[in-house]
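In terms of my numbering, the sequence shown opens at residue 59 and continues consecutively.
In this text, a Cβ means the ideal position worked out from N, Cα and C, and glycines have one as well.
Small disclaimer: the values here were computed from a predicted structure and weren't measured.
A quick write-up on the structure given underneath.
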Amino acid sequence: MCSTSPPSRMQGVGFWASRRSGPKTLTYSPSTGSSRRSAGTSGNWARNSPTVIGVPADRAHAARSGERRICMRAPPEGIINDEPATAARSGEGVTTGGPVDDGGMLWSRKGVEADSPARCPRRLHMPQMPDLTDPRYLDEVGWFLYHEKYERDRFGGSYDAERLAYSRLLLNEVVGYLGRRPSWLESKTVVSVGCGCTGDLAAFPATVKIAIDPLLHLYQRLQMLVADEAGGGTLYLSLGAENLPLLDACADLVICRNSLDHMPDPGAVLGEVWRILRDDGAVFVSVDTGGEPTPDEPTVFSVDSLRALLAERFDVVTMTDNLPPHSVGRCGSRRVVARKKPNTSQSIDKEQILRAYEARLK
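Right, dumping it as structure tokens:
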């Protein structure tokens with residue numbers, strides 16, 4: 059993934075690459091881009107290893123852990139929304155401005171001149187480590203750790219094997235509901251919203267795979283992410299899905315597997331799903347219904363409320379009858395395939411803009 063080719067629009071973002079034993083992972087530290095390859099880094103290092111964007115790391119941490127900065131190829135052109143950054147830093151946002159060194163917190167492309175503004179993925183937040191005394195986070199993370207310890211031999215003798223098996227099951231379920239074969243995904247862009255550390259897209263043969271979850275940086279540090287066995291390497295975005303740093307109409311398929319009820323504002327998330335879907339794109343939803351709110355599942359759906367929420371922006375093509383729930387305490391689970399509704403109110407009339415501009419010139 060490391061490249062010495064001429065810089066392209068979204069190439070050369072700096073990362074600190076962990077060389078610890080075991081599955082290779084990447085610790086994110088946006089740093090000034092460099093066209094030079096780090097010493098000792100092979101050209102195809104971590105080709106299928108999990109890559110997490112949005113994880114804070116500094117040079118001191120890198121020095122202590124023996125990590126190196128390498129140049130990774132960022133997502134393909136037309137996926138990440140990168141706009142000229144302004145010289146400002148606010149709250150937990152991305153440090154922006156000229157390509158200066160402030161401890162490894164700056165996004166930059168290769169070949170950026172000293173007096174040029176850096177370019178950064180718009181609205182990409184660098185999350186802080188969650189407070190694991192909060193039941194919402196403890197229940198979410200603890201479930202995976204408990205599952206890893208006690209239920210790791212269901213499919214293949216290891217937790218990784220189990221998650222790969224579940225990814226294959228999810229792949230077959232999704233393409234089955236879409237009426238497609240897995241090979242249909244080979245040229246597609248697939249986004250998984252609320253992926254957890256379950257390796258949702260590991261078995262998907264899609265060319266571009268993006269997985270989004272606000273706790274991914276924690277799962278990475280716990281070494282719980284799995285490498286891909288098919289398709290392109292999954293890019294993990296460690297952030298919430300209410301305000302995605304992805305371009306409009308960039309995804310062919312969005313998957314929300316057992317995630318909407320984990321979100322306090324699923325309507326805002328579905329608004330972003332609608333925005334990033336192509337006009338002929340589809341969304342696959344798997345969600346529990348019934349029961350009572352819990353710290354990590356604050357939203358409770360009925361069949362009617364789920365259908366009404368989706369109908370605001372999508373045409374529901376398929377909704378299954380009741381299936382066994384994902385979580386204890388829920389009444390059942392639904393599978394939904396929906397298509398994007400057009401929104402003519404957001405269309406742009408080029409001629410109208412041109413006429414208005416010409417009128418200003420008179």
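Is the beta carbon of residue 291 less than 8 Å from the beta carbon of residue 265? Taking the sequence shown and counting its residues from 1, the one referred to as residue 291 is at position 233. Taking the sequence shown and counting its residues from 1, the one referred to as residue 265 is at position 207. No. Outside cutoff.
From residue 366 to residue 269, what does the alpha carbon distance come to, in whole angstroms? Residue numbering aside, residue 366 sits at position 308 when the sequence shown is read from its first letter. Residue numbering aside, residue 269 sits at position 211 when the sequence shown is read from its first letter. Going from the Cα of residue 366 to the Cα of residue 269 covers about 26 Å.
Where residue 204 falls, given that 16 or more other Cβ within 10 Å makes a residue buried: Counted from its first residue, the sequence shown places residue 204 at position 146. Residue 204 should be labelled exposed.
By alpha-carbon positions, which one of 315, 306 and 274 ends up nearest to residue 295? By one-based count along the sequence shown, residue 295 stands at place 237. Selected option, being the one with the closest Cα: 274.
Inter-residue Cα distance where the pair is residue 311 and residue 343: Mapped onto the sequence shown, residue 311 falls at position 253. Mapped onto the sequence shown, residue 343 falls at position 285. In a straight line, the C-alpha of residue 311 is about 11 Å away from that of residue 343.
Which stretch, first to last residue, makes up the alpha helix (DSSP H) that contains residue 202? Here residue 202 corresponds to residue number 144 of the sequence shown, with the count starting at 1. First-last of the alpha helix (DSSP H) with residue 202: 193-208.
Please classify residue 412 as buried or exposed, where buried requires at least 16 neighbouring CB atoms within 10 angstroms. In the sequence shown, counting from the first residue as 1, residue 412 sits at position 354. Answer is exposed; the Cβ neighbour count stays below 16.
Decide if residue 263 is buried, meaning its Cβ has at least 16 other Cβ atoms within 10 Å, or exposed. Taking the first residue of the sequence shown as position 1, residue 263 is located at position 205. The residue is buried, with at least 16 neighbouring Cβ atoms inside 10 Å.
Output the distance between the C-alpha atoms of residue 326 and residue 247, rounded to the nearest integer angstrom. Along the sequence shown, one-based indexing puts residue 326 at 268. Along the sequence shown, one-based indexing puts residue 247 at 189. Distance between the alpha carbons of residue 326 and residue 247: 21 Å.
Helix or strand or just coil, what does DSSP make of residue 338? To locate residue 338, count along the sequence shown from 1; it is residue 280. Strand, per DSSP.
Could you say if the region 328-345 and the region 299-309 meet the contact criterion of at least three C-beta pairs nearer than 8 Å? yes
Span of the alpha helix (DSSP H) holding residue 408? Here the question's residue 408 lines up with position 350 in the sequence shown. Here the alpha helix (DSSP H) through residue 408 covers 408-419.
Note down the Cα distance separating residue 182 from residue 363, rounded to an integer number of angstroms. Stepping through the sequence shown from its first residue, residue 182 is reached at position 124. Stepping through the sequence shown from its first residue, residue 363 is reached at position 305. Confidence at residue 182 is low in this model, with a pLDDT of 44, below 50, so the placement of that residue should be treated as unreliable; the coordinate-derived value is given next. So the two alpha carbons sit approximately 31 Å from each other.
Here's a check: name, in chain order, each residue in its chain whose Cβ is nearer than 8 Å to the Cβ of residue 350, leaving out the five neighbours to either side. The residue labelled residue 350 in the question sits at position 292 within the sequence shown. Taken in chain order, the residues that qualify are 358 and 387.
So residue 199 and residue 297 are supposed to be a Cβ contact under 8 Å. How far apart are they, rounded? As a first step, residue 199 is located in the sequence shown; it is residue number 141 there, counting from the start. As a first step, residue 297 is located in the sequence shown; it is residue number 239 there, counting from the start. Their Cβ separation, rounded to whole angstroms, is 16 Å, which puts residue 199 and residue 297 out of contact at 8 Å.
Looking at the structure shown, is residue 150 part of a helix, part of a strand, or coil, going by DSSP? For this step, residue 150 is matched to residue 92 along the sequence shown. Caution is warranted here: a pLDDT of 32 is assigned to residue 150, below 50, making its placement in the model unreliable, and no coordinate value can be reported.
Can you tell me which of 301, 313, 302 and 256 puts its alpha carbon nearest to the alpha carbon of residue 231? Within the sequence shown, the letter at position 173 stands for residue 231. Nearest C-alpha to residue 231: 313.
Could you give the uninterrupted runs of the alpha helix (DSSP H) lying entirely in the region 320-388, keeping only those of 4 residues or more? 324-334 and 361-369
Taking only three categories from DSSP, how would you classify residue 233? Within the sequence shown, numbered from 1, the residue matching residue 233 stands at position 175. Here residue 233 sits in helix by DSSP.
Please classify residue 271: does DSSP put it in a helix, a strand, or coil? Here residue 271 corresponds to residue number 213 of the sequence shown, with the count starting at 1. Correct three-state label for residue 271: coil.
Can you name the start and end residues of the beta strand (DSSP E) that residue 309 belongs to? Position 251 of the sequence shown, counted from the start, is the residue given in the question as residue 309. Start and end: 309-315.
Could you tell me how far apart the beta carbons of residue 391 and residue 355 are, in whole angstroms, since I believe they sit closer than 8 Å? Taking the sequence shown and counting its residues from 1, one reaches residue 391 at position 333. Taking the sequence shown and counting its residues from 1, one reaches residue 355 at position 297. That pair is no contact at about 12 Å.
Neighbourhood of residue 26 by C-beta distance below 6 Å, restricted to the same chain and skipping five residues each side: This structure does not reach residue 26, given that the chain is present from 59 up to 420, and the question cannot be answered.
By DSSP, does residue 393 sit in helix, in strand, or in coil? Position 335 of the sequence shown, counted from the first residue, corresponds to residue 393. DSSP places residue 393 in strand when its eight states are reduced to three.
Put residue 297 into one of helix, strand or coil per three-state DSSP. Here the question's residue 297 lines up with position 239 in the sequence shown. Of the three classes helix, strand and coil, the one that applies to residue 297 here is coil, per DSSP.
Per DSSP, which residues does residue 250 bridge with? Please list them. Position 192 of the sequence shown, counted from the first residue, corresponds to residue 250. Answer is 269 and 313, bridged to residue 250.
By the three-class DSSP mapping on this structure, what secondary structure does residue 398 have? If you number the sequence shown from 1, residue 398 lands on position 340. If DSSP states are grouped into helix, strand and coil, residue 398 belongs with the strands.
Residue 304, DSSP secondary structure in three states: The sequence position of residue 304 within the sequence shown is 246, counting from 1. Three-state result, residue 304: strand.
Grab me the residues of residue 353's own chain with a C-beta within less than 7 Å of its C-beta, minus the 5 sequence neighbours each way, in chain order. Taking the sequence shown and counting its residues from 1, the one referred to as residue 353 is at position 295. Taken in chain order, the residues that qualify are 193, 194 and 197.
For residue 397 and chain D, any beta-carbon pair shorter than 8 Å? The structure shown contains no chain D; it holds only a single protein chain.
Report the option in 360, 415, 233 and 201 whose CA atom is closest to the CA atom of residue 341. Here residue 341 refers to the residue found at position 283 of the sequence shown. Measuring from the Cα of residue 341, the nearest candidate turns out to be 233.
Determine the closest residue to residue 293 out of 301, 236, 271 and 417, with distance taken between C-alpha atoms. The sequence position of residue 293 within the sequence shown is 235, counting from 1. Nearest option by C-alpha distance: 271.
Take residue 382 and list the residues in its own chain whose beta-carbon comes closer than 8 Å to its own, dropping the five residues that flank it on each side. In the sequence shown, counting from the first residue as 1, residue 382 sits at position 324. Closer than 8 Å at the Cβ level, and outside the excluded window around residue 382, lie 390 and 391.
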